[in-house]
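K.L.:
The structure is given below, and queries will be raised subsequently.
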Amino acid sequence: MPAKKTLPEVPLDKLRWRVDLASLGFDTTDDLEPHAEIIGQNRGVEAFRFGMGMEKKGYNIFVTGQPGSGRLATVRKLLTERADKSEVPCDLCYVNNFKYPGQPILLRFSAGGGNRFKKEMHDFIETVKREVPQLFESEEYISRKNQIAEAHEKKVMSFYKSIEDKVKDTGLVVVKMQMGPFQRPDVVPLVDGEPKRMIQIEEMVENGRFPQEEYERLRDKRLEVKEEIDHIVQDLKSLQKEMVKRHEEVDRLMFMTLAQDALKPMREVFPDAKVQKYLDSVLDNMVEELDAIKSSGTPAQQGPIPGMIIGGPSPEVVFHPYKVNLLVDNAESEGPPVIVESYPTYRNLFGSVERVMDRSGGWRTDFSKIKAGSFVKANGGYLVINLMDAIFEPGVWQTLKRSLKTEKIEIETYDPYYFISATGLKPEPIDMDVKVVVLGNPYLYHVLRQYDEDVPKIFKVRADYETSMDKSDETVHQVARFIKTEVDKEGLLRFDASGVAAIVEEAVRWAGRQEKISTAFPVLADMLAEASFHARQAEAESVAAEHVNQALEARKYRSNQIEQRIQEMIDRGSLFVDTDGEAVGQINGLAVYSMGDFMFGKPSRITAVTSLGKEGIINIERESDMSGPIHNKGMLILAGYLRSRFAQDKPLSLTASIAFEQAYGGIDGDSASSTELYALLSSLSGKPLRQDVAVTGSVNQKGEVQPIGGVNEKIEGFYLCCKRAGLTGRQGVMIPEPNVRDLMLRDEVVEAVAAKRFHIWSVKTIDQGIEILTGVKAGKRKADGSYPKGSINQRVDAKLREMAEQLMAFGKDNENNGKSGKTAKRKSGSK
1037 MPAKKTLPEV PLDKLRWRVD LASLGFDTTD DLEPHAEIIG QNRGVEAFRF GMGMEKKGYN
1097 IFVTGQPGSG RLATVRKLLT ERADKSEVPC DLCYVNNFKY PGQPILLRFS AGGGNRFKKE
1157 MHDFIETVKR EVPQLFESEE YISRKNQIAE AHEKKVMSFY KSIEDKVKDT GLVVVKMQMG
1217 PFQRPDVVPL VDGEPKRMIQ IEEMVENGRF PQEEYERLRD KRLEVKEEID HIVQDLKSLQ
1277 KEMVKRHEEV DRLMFMTLAQ DALKPMREVF PDAKVQKYLD SVLDNMVEEL DAIKSSGTPA
1337 QQGPIPGMII GGPSPEVVFH PYKVNLLVDN AESEGPPVIV ESYPTYRNLF GSVERVMDRS
1397 GGWRTDFSKI KAGSFVKANG GYLVINLMDA IFEPGVWQTL KRSLKTEKIE IETYDPYYFI
1457 SATGLKPEPI DMDVKVVVLG NPYLYHVLRQ YDEDVPKIFK VRADYETSMD KSDETVHQVA
1517 RFIKTEVDKE GLLRFDASGV AAIVEEAVRW AGRQEKISTA FPVLADMLAE ASFHARQAEA
1577 ESVAAEHVNQ ALEARKYRSN QIEQRIQEMI DRGSLFVDTD GEAVGQINGL AVYSMGDFMF
1637 GKPSRITAVT SLGKEGIINI ERESDMSGPI HNKGMLILAG YLRSRFAQDK PLSLTASIAF
1697 EQAYGGIDGD SASSTELYAL LSSLSGKPLR QDVAVTGSVN QKGEVQPIGG VNEKIEGFYL
1757 CCKRAGLTGR QGVMIPEPNV RDLMLRDEVV EAVAAKRFHI WSVKTIDQGI EILTGVKAGK
1817 RKADGSYPKG SINQRVDAKL REMAEQLMAF GKDNENNGKS GKTAKRKSGS K
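With positions in the sequence shown counted from 1, the corresponding number in the numbering used here is that position plus 1036.
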């Protein structure tokens, strides 16, 4: 039987912090006002507001913190509050560059102006479509054309008359020769009142039917006149060109008069020089394409070949170059845009230039296929992205950095196979004025800052969000008002004072320290909804502590299948865990299992075996490649502890193997190093350890027990094992003294401790712990270096001295045996 305890247990009031209901000052959340401020993130909020207020280049904000700490919600709130409603960014439009079609032009308008400009251009195009055909069918237009035609005809007739005058009485006559679709004048002889070609007269001369002298006269005269006619024909061509030019000039003047009148209101509304220049280029291009504009929409007709249908070009094709691509429309914006891009692909962030396949199978694109992304839409405002998502998208991180450094962006399609892709556009770059907020964890921030030299230049502000806040009456009241806010927003049942207290206490447990409250408000909001659900199921009028506890148990039940399976293995004896009795070199350690959404503790048997040797402490997990670096460090610390305590006057001559029994997965962490040391001291001293006590805590080389994590889960895990095996009233857990302030145990465990059915001790040193486990004093070193007789340290010291002496004696015996063997051999040889 173990000796009586020499150290007091942890006081009952230290096992769990509880809310004083009287201090809350309300009966239900109906008595509270909603809390509109951000709770528990003073450091992060102050840094964020500083970053928002800094207008200098590079002061973008990198928000760090753990997921579930409400980073995104607070960022949305801060941006919405900060945004100046009077500052609405401008609209952006891309229009065709008629001189260089591959370089579309960017136009800027005040908010709403881009949409109006697009509509005005559409109306102008519709006016041209409607009135141009009427214009060229008007009496005025026909009259002008007829005047030009008549004047041209008179000049042509005067030319022909001058030719006829030259050939009059010469036996020659002027005729019109058909040359394809054209006619041109020619001079031929007149024989017997009929015009004859020279070749025909030549045949007649050969047949004697026409005088040779007359033929030669006509031939010479014709050549003489023909030269003059050729000059006249050239004049006729010039005259024809002049007539066509005059026709075109009339068309141009009449169209420009119409178009200028139609554009006059637009020019007054949009006086910007760049817009005016674009409108001028529209008119100039329309004049060049006037024939297509006039013939657009002409009804299809049967062509010269059966089955061929001919008609004018489609109006959609003709007028497409004059459309406006409204890239960003802020007409309905009430302030700077706040865009949260939840899917930050390259296309979604930076836009793209789309391509379409034409009938011939080729790819084509133009200014109308330029699409804006969130980065451009947020110009003049704020863009929020999750950096981890963005980094994994090809091309996003590099483009984001480049855009923030240059404060410009060129919209293009991300194409890793650019060398085989079709030629795209190069739109005019957009000047950017956007504050980028990225969300990431602290590890990602430090890695990027260390290895990416651009990060300190473009993200000069870090807003670090905390996972917990200091617990005080004020913060407790803030959490209560937060509950009121969620109740109103989500339509939950009201919470009474006990329900609020249960939620606050759970938030303290999540924080892992009694003086802190968790700031995981999104998860807390889920708990509120779940507790309200259970209250509605019970037809309660308000949510009380019992409903919160039901929600916690239900959440645990949904996630603790692994815990139950391990416990079943312990219950049936598949996993060896003793909860009563004593054993030498054997102890119950406590490990924490993390399943992501659920964490629980379970005991694990740790054994130590010592023997004569020089190998020192052997970590079986390390030898089998199952031990992590922190666990290996803990083992090395054990060797340091033994050297400091017991190897000052003798060599440390032992071999000790330590193992987590039935551990088939990786092991890491040093929270079991004190437990392993207890098992080692028990093996060396020969004193058995209590199996009804589980131990956790790390140790340093001086024998001080250091705090560990997951203390609540570890205690509750061993309590469950003892409960299933049967509580004896002697079982308990030994924890480091610094972890007492972390205790937030479940009510069931606290009640068992209050009833003396379970115990919790705290220790500061290994000496205190070994006394609880063995019932024997550890013993303090005397001035002469010895320990009190019968103490644990004295037993260990004596055992190590005995082992050292045995090892030395064993070595001398081997040496003597070796020498005597050599002598006998030599004597045998001398015979």
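In this text, a Cβ means the ideal position worked out from N, Cα and C, and glycines have one as well.
Per DSSP, VAL1111 forms a beta bridge with which residues?
P.N.:
None, per the DSSP bridge assignment.
K.L.:
Mind checking who TYR1136 pairs with in its DSSP beta bridge?
P.N.:
Bridge partners of TYR1136: none, in fact.
K.L.:
May I have a chain-ordered list of the alpha helix (DSSP H) segments no shorter than 4 residues that lie completely inside the segment 1636 to 1720?
P.N.:
Runs of the alpha helix (DSSP H) inside the segment 1636 to 1720: 1656 to 1659 and 1665 to 1682.
K.L.:
I'd like to know if ILE1796 contacts chain C, where contact means its C-beta is closer than 9 Å to some C-beta of that chain.
P.N.:
Chain labels in this structure do not include chain C; a single protein chain is all it has.
K.L.:
Under the three-state reduction of DSSP, which class applies to VAL1055: helix, strand or coil?
P.N.:
In this structure, VAL1055 counts as coil in the three-state DSSP scheme.
K.L.:
Answer yes or no: do ALA1708 and ALA1627 have a C-beta to C-beta separation smaller than 9 Å?
P.N.:
It is a contact, given that the beta carbons lie within the stated cut-off.
K.L.:
Please go through the same chain and pick out, in chain order, the residues whose beta-carbon is closer than 6 Å to the beta-carbon of ASN1668, but skip the five residues on each side of it.
P.N.:
ARG1658.
K.L.:
Taking MET1302 as the reference, give the member of PHE1153, GLU1370, ARG1549 and LEU1143 with the closest Cα.
P.N.:
Of the candidates PHE1153, GLU1370, ARG1549 and LEU1143, the one whose C-alpha sits nearest the C-alpha of MET1302 is PHE1153.
K.L.:
Can you name, in chain order, every residue of its own chain whose Cβ lies under 7 Å from the Cβ of LEU1484, other than the five neighbours on each side?
P.N.:
VAL1491.
K.L.:
Hey, quick one: how far does the alpha helix (DSSP H) through GLY1244 stretch, first residue to last?
P.N.:
Per DSSP, GLY1244 belongs to no alpha helix (DSSP H) and is neither H nor E.
K.L.:
Kindly give me the distance between the Cβ atoms of PRO1140 and LEU1461, rounded to whole angstroms, as I take these residues to be in contact under 8 Å.
P.N.:
PRO1140 to LEU1461, Cβ: 6 Å. Contact.
K.L.:
How about THR1615 and ALA1547: are their beta carbons less than 9 Å apart?
P.N.:
The answer is no: Cβ separation not under 9 Å.
K.L.:
List the endpoints of the continuous beta strand (DSSP E) containing LYS1413.
P.N.:
Careful: LYS1413 lies outside any beta strand (DSSP E), inside the alpha helix (DSSP H) at 1410 to 1413.
K.L.:
Determine the burial state of LEU1564: buried for a count of at least 16 other Cβ atoms within 10 Å of its Cβ, exposed for fewer.
P.N.:
Under this definition LEU1564 is a buried residue.
K.L.:
How about the segment 1786 to 1801 and the segment 1042 to 1058: do they share at least three Cβ pairs that are nearer than 8 Å?
P.N.:
Cβ pair count under 8 Å is three or more, so yes.
K.L.:
Name the two residues that bound the continuous alpha helix (DSSP H) containing HIS1482.
P.N.:
Note, HIS1482: alpha helix (DSSP H), 1478 to 1487.
K.L.:
So who's on the other strand from ASP1506, going by DSSP bridges?
P.N.:
DSSP output for ASP1506 lists LYS1552 as bridge partner(s).
K.L.:
Where does the unbroken beta strand (DSSP E) through ALA1499 begin, and where does it stop?
P.N.:
Taken as a continuous stretch (DSSP letters only), the beta strand (DSSP E) holding ALA1499 covers 1497 to 1500.
K.L.:
Quick check: the segment 1837 to 1848 against the segment 1801 to 1820, are at least 3 beta-carbon pairs closer than 8 Å?
P.N.:
These segments do not touch.
K.L.:
Can you grab the Cα-Cα spacing for the pair ILE1456 / GLU1448, in whole Å?
P.N.:
Below a pLDDT of 50, predicted positions are generally treated as unreliable, and ILE1456, at 46, falls in that range; the measurement from the model is reported next regardless. Each residue's Cα considered, the two are about 16 Å apart.
K.L.:
Going by DSSP, what residue range makes up the alpha helix (DSSP H) through ASN1736?
P.N.:
That residue, ASN1736, is in no alpha helix (DSSP H); it is neither H nor E in DSSP.
K.L.:
Does DSSP classify MET1090 as helix, strand or coil?
P.N.:
MET1090 falls in the coil class under three-state DSSP.
K.L.:
Need the endpoints of the beta strand (DSSP E) that GLN1622 sits in, please.
P.N.:
That run of the beta strand (DSSP E) goes 1622 to 1630.
K.L.:
Between the beta-carbon of VAL1323 and the beta-carbon of MET1290, is there less than 9 Å?
P.N.:
Cβ distance not < 9 Å, so VAL1323 and MET1290 don't count as in contact.
K.L.:
Could you name the residues of the same chain whose beta carbon sits closer than 8 Å to that of GLY1649, not counting the 5 residues immediately before and after it, in chain order?
P.N.:
So the list reads SER1689, LEU1690, THR1691 and LEU1843, once near-sequence residues are dropped.
K.L.:
Pull up the CB-CB distance for LEU1480 and LEU1423, whole angstroms please, since I reckon it's below 8 Å.
P.N.:
About 6 Å; that satisfies the 8 Å criterion.
K.L.:
Could you round the C-beta distance between ARG1498 and PHE1098 to whole angstroms and report it? I think they count as a contact, below 8 Å.
P.N.:
With a Cβ gap of about 5 Å, ARG1498 and PHE1098 count as contacting.
K.L.:
Measuring CA to CA, which of GLU1352, GLY1148 and GLU1526 is closest to PRO1070?
P.N.:
The option with the nearest alpha carbon to PRO1070 is GLU1526.
K.L.:
If you draw a straight line from the C-alpha of LEU980 to the C-alpha of LYS1825, how long is it?
P.N.:
The shown model of the chain, from 1037 to 1867, leaves out residue 980, and the question about it has no answer.
K.L.:
Which value, in whole angstroms, describes the spacing of the CA atoms of GLU1749 and GLU1712?
P.N.:
Approximately 20 Å between the Cα atoms of the pair.
K.L.:
Which residue marks the beginning of the alpha helix (DSSP H) containing ASN1321, and which one marks its end?
P.N.:
1309 to 1324 is the span of the alpha helix (DSSP H), which, as asked, contains ASN1321.
K.L.:
Between the C-alpha atoms of SER1610 and CYS1757, what's the straight-line distance to the nearest angstrom?
P.N.:
One C-alpha to the other measures close to 13 Å.
K.L.:
Name the residue from PRO1103, ALA1587 and ASP1056 whose alpha carbon lies nearest to the alpha carbon of LEU1475.
P.N.:
Nearest C-alpha to LEU1475: PRO1103.
K.L.:
Is it a yes or a no for the segment 1079 to 1092 touching the segment 1571 to 1585, going by three-plus beta-carbon pairs under 8 Å?
P.N.:
They do not touch, by the three-pair rule.
K.L.:
By alpha-carbon positions, which one of ILE1694, ASP1833, SER1663 and LEU1716 ends up nearest to GLY1701?
P.N.:
For GLY1701, the nearest C-alpha among the options comes from SER1663.
K.L.:
Round the Cβ separation of VAL1741 and THR1643 to the nearest angstrom and send it over; I've been treating them as touching at under 8 Å.
P.N.:
That pair is no contact at about 21 Å.
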